[in-house]
Amino acid sequence: MAVEKFTLRRATQRDADILAYQRREMFIDMKTYSRKEAELGDREYIRWVKEKMKSGKLTGFLVENSEKNIVAGGCLWLREKQPRPSAKKKDVPYLLSVHTERAYRGKGLATLIVKESIKLAKKLGYPRVELHASKQGEGVYRRLGFERTNEMVYKFKS
Ligand SMILES: CC(C)(COP(=O)(O)OP(=O)(O)OC[C@H]1O[C@@H](n2cnc3c(N)ncnc32)[C@H](O)[C@@H]1OP(=O)(O)O)[C@@H](O)C(=O)NCCC(=O)NCCS
388 MAVEKFTLRR ATQRDADILA YQRREMFIDM KTYSRKEAEL GDREYIRWVK EKMKSGKLTG
448 FLVENSEKNI VAGGCLWLRE KQPRPSAKKK DVPYLLSVHT ERAYRGKGLA TLIVKESIKL
508 AKKLGYPRVE LHASKQGEGV YRRLGFERTN EMVYKFKS
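Residue numbering for the sequence shown follows the working numbering, beginning at 388 and increasing consecutively.
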């Protein structure tokens, strides 16, 4: 059987819909939201992602299979940070919306996207990359050297 060839490319404004699709499917797979709830976020996310891409604050990475179908993706967002002594940068690279189509999982595509994001952050002179890991994603990130931090959260009871 021939080995399938994958191509990694950067997303453009025209890919905003697919980036929103990947984010929505990620939330559904993570069971964070139902499909109906997740779909409600699409319009706002498309607007946000386009704006961030335009201002150079977000880079989307997409993986295409040999038929040019997009099968995986993820975004590196330069997220604004509060000032901190000795910090040379005003933002921090944050990896979000990493998603691989089910039929294409376990082939190293998310790994490829994460590696490419790390490479870009390094090239831009940042000292770190941050993210929030899902259960499924944790192994991928850990293998590449990501560590747990001391972040905490307080949640209001609804
Ligand atoms: C998490 C997710 C993005 C991983 O995508 P993926 O493309 O399958 O990831 P990879 O193939 O790089 O790695 C997955 C596994 O395959 C293994 N693998 C990597 N390259 C491989 C290869 N060439 N051949 C076989 N296995 C491989 C990895 O070691 C990893 O093992 P693990 O599951 O034990 O950790 C995908 O499962 C997904 O979309 N899940 C739902 C959404 C989600 O949770 N996204 C992450 C948000 S933080």
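Idealized CB from N, CA, C, for every residue including glycine. Every value quoted in this text rests on a predicted model; they were computed, and no experiment measured them.
In the three-state reduction of the DSSP assignment, A407 falls in the helix class, which pools H, G and I.
Looking at the DSSP output, G447 shares a beta bridge with C462. DSSP places V527 in the helix class (H, G or I) of the three-state scheme. For V479, the shortest separation between its Cβ and any heavy atom of ligand 1 does not lie below 7 angstroms. With a 10 Å radius around the Cβ and a threshold of 16 neighbouring Cβ atoms, S545 comes out exposed.
The beta carbon of K444 sits closer than 6 angstroms to the beta carbons of L465 from its chain, once the five residues preceding and following it are set aside; these are given in chain order.
When C-beta atoms of the region 391-411 are compared with those of the region 422-440, three or more pairs fall below 8 angstroms, so the two segments count as touching.
For V485, the enclosing beta strand (DSSP E) starts and ends at D478 to T487. At a threshold of 7 angstroms, V390 does not count as near ligand 1, since its beta carbon sits no closer than that to any of the ligand's heavy atoms. A straight-line Cα-Cα distance of about 44 angstroms links K475 and V390.
The criterion of a C-beta distance shorter than 8 angstroms is not satisfied by L511 and L395.
Where L395 is concerned, the enclosing beta strand (DSSP E) starts and stops at T394 to R397. Ranked by Cα distance from K494, the first of K522, L507 and E451 is E451. Between A520 and E488, the gap from beta carbon to beta carbon reaches 8 angstroms or more.
For E538, the three-state secondary structure derived from DSSP is coil.
Taking the CA atoms as reference points, R430 sits about 30 angstroms from R515.
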